[in-house]
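**Q** Protein chains in written order, with this note's numbering: chain W, 309 to 641; chain Y, 309 to 641.
Positions of the beta carbon are idealized from the N, C-alpha and C atoms, including for glycine.
Computed from a predicted structure; not experimentally measured.
One structure follows; several queries about it will come next.
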C-alpha cells in the first residue's frame, strides 16, 4: 500500500468540505488570561453526528465504487464511528452495518438507529469485534470502513486540524486525543504540511496508554481492555498504519488521570459552554495536566466529540462542581 | 435622530467583524427530518461573553470619541449586556460601569467582574434602573450604552442575522427572541435588506409579552415586571426605537409558555449539544410551539445566549428529561 502523505489530507478536505459542518474554533478571553497564551478549541462535538468521525467516514465511502456502495459498508465502533458511517452511507445510498459493543452509550446507539443502519452487537470483553466484521464483509460482500486504521479514514480525520490551522496559522502546539490513533495521525500529517515546527501532542487516559507504551518500546504493545470513562479511547493496541505515522510525527504523549477528564469536561462547559463527552475532553485534560510543560505559543485543542447521555454528563460535571480542590476551578478563581 | 437602515447593519458588520467570534450555524439531519424542513441555529451562546450582546456593545463603543472613551461608559443590563459592555470597554481602554439587578444570575455577575468593570446593583422591583444610569452619566461624564434601544446597538445586533443569511441565503423564516427588541429590530433590518420576503418572527415568553400587546394596540404598552425563567427578556415595555422598527418589519409575534422554554433548552442540548440559557432558548421554543403555523421553507433560529449557572441549567434540563409528555421528546421518538 502506498504511503499516506499530507497531500491526502488536503485532497480529503476538498472531497468532504461540502458534506460536513463548518465547526467553530472556540475562544475565551478569560481562558487565554488564565493560561497566559492564546487557546483555541476546535469544536468537533458540533460536527454532524456529534464527533469528528464523519470526516473519515465520508472520505472513505466517497471513494467506493458505485457497485461497492450498492453492496454496502460495515464498520466496528464504540459508537461515534458507527454514527458517522451510518450518515455517510445514507448520504451515498449505501446500506450500512455497524458492529458495536453491547454496552455502548445509549445516545450513540440511538444515533445509529435514527440514521437507519443495521446494528450488530458484541461483548467488549471477548474481543471478537474484528472477527464479526470480517465475517460480515466476506459473507455479504460489504466494504469494511475501519474506525481509525485506514488511509481514507486517517486522511479524513486530519481535515479537522487542517481547518484549524487555516484559521489559526500561528498555532505552535496542538493537543489531540489518541484512541485508535487515526485523529492523531491525521493531525500530525496536517500539521507537518502546515509547518513541521508545530508540536502535536497526543493525550491518552492513564489507564489506556497503549500508544504511550508502544512509543516507549518502539513496537505496538497490546494492553488488557482498559477501564476508562473515555469510552471512545478504550483501545488495546495502536493501529498498524496509525502507529507508523504517530511514531514518526507525534512530539510526545501526555497521559491524564480519570478525574482530570471530568474536570476538563466541566472546564469546557464553564468557559466555552461546550458539551464534551469524556473522550472528547481528553485532549483538553492534557492542557490542564501539563500547561507549563508544553512548548510556548498559541495552542489548539481538538474537542473530538460530544456524544454523552444527559444523566452521565450531569453526574460527571457534578462530580467536579462539588469538589473544592480541582485544577479547573483553581485556574479561574 | 436620523433613521436607522439596513445599511447601518452592514457597516456594523464591517466594523466589528474582526473583534467578535465567528459563531457557527448548527444543523442536525435528525432535526431536519423531524421538522420536515432545513433548520439552522445561529449559536450566539458561543459568542464572546456568551451572548450576541457583544455585537452591539462593540459597535457602540467603537464609535465613541477618544475623549468619551477616556471618561468611560455606563449601561444597565440583566447581565449579558453588562458582560458585553465590559469586554468592549476593556478592548477600547474605556472604564466601564454596569448597573445590574441585585438578583442577576451569578455566572453573569462573575463574567462582569472578571472583565474588570465596576458594578452598581439595584432592586429589580423598583424600576429605578434608568435613573441610576442617567445620574452616573451626568455626574461622571460617562457615555450611556443602552442594552437595546439605541442605533449602534440595534445595528450591531443585526449582524448576527446578517452573518446567518450570508451563509444560508435560502432562509425563508427567522425566529428571534424579543426582550428590549434590539436583536429583533436588527434582525428585521438585516433580513429586509437580504430579501423582504424573509419572514422574521419575534418570540416572547407568554408572561413577558409587552411587544405582542404593543403591536396589537399599535402603541408601546407597559406591563408589570414579568415573572419568567428567561431572565434576559423581563422587559416591561418595548423601546421607542426598537418598536418603530419591529412594528414595521416583524411578520408576527409567537408567545411561548415557560415549560416550553425549558423543553427548548433540552432539545438544543440533545440535538446540537448547545447550551442555551432560558432567554437564549426562547426563539427555538417558538419553533417547537408553532412549526406548522410558520411559512414553509428553511428556518434560521437565533440562539442568543448561553449564560446560565450549572445548577440552574441542570435543574431545567432535568425538569424536561423526567417528563414523558413533552413536545421535544415526542418530536424525536
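Quick check on the burial criterion: 16 or more other C-beta atoms within 10 angstroms. Buried or exposed for residue 530 of chain Y?
**A** Residue environment: residue 530 of chain Y is assigned as exposed (fewer than 16 neighbouring CB atoms within 10 Å of its CB, all protein chains considered).
**Q** Taking all protein chains shown into account, decide if residue 621 of chain Y is buried (16 or more other Cβ within 10 angstroms of its Cβ) or exposed.
**A** buried
**Q** Use the C-beta contact count for residue 421 of chain W: other C-beta atoms within 10 angstroms, 16 or more gives buried, fewer gives exposed.
**A** exposed
**Q** Compute the beta-carbon to beta-carbon distance between residue 541 of chain W and residue 349 of chain W, rounded to the nearest angstrom, for a pair I have assumed lies under 8 Å.
**A** At roughly 18 Å, the Cβ-Cβ gap does not stay under 8 Å, so residue 541 of chain W and residue 349 of chain W are not in contact.
**Q** If you draw a straight line from the alpha carbon of residue 589 of chain Y to that of residue 401 of chain W, how long is it in whole angstroms?
**A** 35 Å
**Q** Quick one: does residue 470 of chain Y have its CB under 8 Å from some CB of chain W?
**A** no
**Q** Output the boundary residues of the alpha helix (DSSP H) element that contains residue 447 of chain Y.
**A** 437 to 448
**Q** Kindly list, in the order they appear in chain W, the residues whose Cβ is closer than 9 Å to that of residue 427 of chain Y.
**A** In chain order: nothing, as chain W lies at least about 17 Å away.
**Q** Helix, strand or coil: how does DSSP classify residue 328 of chain Y here?
**A** The answer is coil: DSSP assigns residue 328 of chain Y none of H, G, I, E or B.
**Q** What are the start and end residues of each continuous beta strand (DSSP E) run of 3 or more residues lying completely inside the segment 448 to 512 of chain Y, in chain order?
**A** The segment 448 to 512 of chain Y contains these whole beta strand (DSSP E) runs: 481 to 485.
**Q** Could you list which residues in chain Y have their beta carbon closer than 7 Å to that of residue 629 of chain W, in chain order?
**A** In chain order: 618.
**Q** When burial is assigned at 16 or more other CB atoms within 10 Å of the CB, is residue 633 of chain Y buried or exposed?
**A** At residue 633 of chain Y, the pLDDT of 46 sits below 50, so the modelled position is not reliable; the number obtained from the coordinates is stated separately. Residue 633 of chain Y comes out exposed.
**Q** Report yes if the C-beta distance between residue 384 of chain W and residue 437 of chain W is below 8 Å; otherwise report no.
**A** yes
**Q** For residue 273 of chain W, I'd like the list of residues in its chain whose CB is within less than 6 Å of its CB, leaving aside the five on either flank, ordered along the chain.
**A** Any answer about residue 273 of chain W is impossible in this case: the structure gives chain W only from 309 up to 641.
**Q** Ordered along the chain, which non-local residues of its own chain (more than five positions away) have a Cβ less than 6 Å from that of residue 514 of chain W?
**A** Same-chain partners within the cutoff: 563 and 565.
**Q** Determine the burial state of residue 447 of chain Y: buried for a count of at least 16 other Cβ atoms within 10 Å of its Cβ, exposed for fewer.
**A** exposed
**Q** If you draw a straight line from the C-alpha of residue 491 of chain Y to the C-alpha of residue 517 of chain W, how long is it?
**A** 49 Å
**Q** Return no unless some Cβ of chain W is closer than 8 Å to the Cβ of residue 580 of chain Y.
**A** By this cut-off, residue 580 of chain Y is an interface position.
**Q** Which residues in the same chain as residue 657 of chain Y place their Cβ atom closer than 7 Å to its Cβ, once the five residues preceding and following it in sequence are excluded?
**A** In the structure as shown, chain Y starts at 309 and stops at 641, and residue 657 of chain Y therefore has no counterpart that could be examined.
**Q** Using a Cβ cut-off of 7 Å, which residues of the segment 365 to 390 of chain W contact any Cβ in chain Y, in chain order?
**A** none
**Q** Quick check on this structure: which residue in W:419, W:580 and W:527 has the alpha carbon closest to the alpha carbon of residue 609 of chain W?
**A** It is W:580 whose Cα lies nearest to the Cα of residue 609 of chain W.
**Q** So, helix, strand or coil for residue 576 of chain W, using DSSP?
**A** Three-state DSSP puts residue 576 of chain W in a helix.
**Q** Residues of the segment 342 to 359 of chain Y in Cβ contact with chain W at a cutoff of 9 Å, in chain order, please.
**A** Taking a C-beta cut-off of 9 Å against chain W, the contacting residues of the segment 342 to 359 of chain Y are 351, 353, 354, 356, 357 and 358, listed in chain order.
**Q** Just to check my reading of the structure: residue 426 of chain W and residue 405 of chain W have Cβ atoms closer than 8 Å, yes? What is that Cβ distance to the nearest angstrom?
**A** With 8 Å as the limit, residue 426 of chain W and residue 405 of chain W qualify as a contact, their Cβ atoms being about 5 Å apart.
**Q** Note down the Cα distance separating residue 340 of chain Y from residue 593 of chain Y, rounded to an integer number of angstroms.
**A** 16 Å
**Q** Look up residue 408 of chain W in the DSSP assignment and give the residues it is bridged to.
**A** W:429
**Q** Could you tell me the distance, in whole angstroms, from the CA atom of residue 412 of chain Y to the CA atom of residue 539 of chain Y?
**A** In this structure, the straight-line span from the alpha carbon of residue 412 of chain Y to that of residue 539 of chain Y is close to 8 Å.
**Q** Between the alpha carbons of residue 450 of chain W and residue 597 of chain W, how many angstroms are there, rounded?
**A** 43 Å
**Q** Could you tell me which of W:458, W:373, W:409 and W:551 sits nearest to residue 434 of chain W, measuring between CA atoms?
**A** W:409
**Q** What distance in whole Å lies between the Cβ atoms of residue 500 of chain W and residue 557 of chain W, which are believed to be in contact at a cut-off of 8 Å?
**A** 6 Å
**Q** Could you tell me which chain W residues have their CB closer than 9 Å to the CB of residue 422 of chain Y, listed as they occur along the chain?
**A** 337, 338, 341 and 640
**Q** Closest to residue 586 of chain Y by C-alpha separation, out of Y:358, Y:465 and Y:504, would be which residue?
**A** Y:358
**Q** Establish whether the CB of residue 622 of chain W and some CB of chain Y are separated by less than 8 Å.
**A** Closer than 8 Å: yes.
**Q** Note down the Cα distance separating residue 355 of chain W from residue 488 of chain W, rounded to an integer number of angstroms.
**A** 19 Å
**Q** Give a yes or no on whether 8 Å exceeds the smallest Cβ distance from residue 477 of chain W to chain Y.
**A** no
**Q** Apart from the five residues just before and just after residue 640 of chain W, which ones in its own chain have a Cβ nearer than 7 Å to its Cβ?
**A** Its pLDDT being 44, under 50, residue 640 of chain W is placed unreliably in this model, and the coordinates cannot settle the point.
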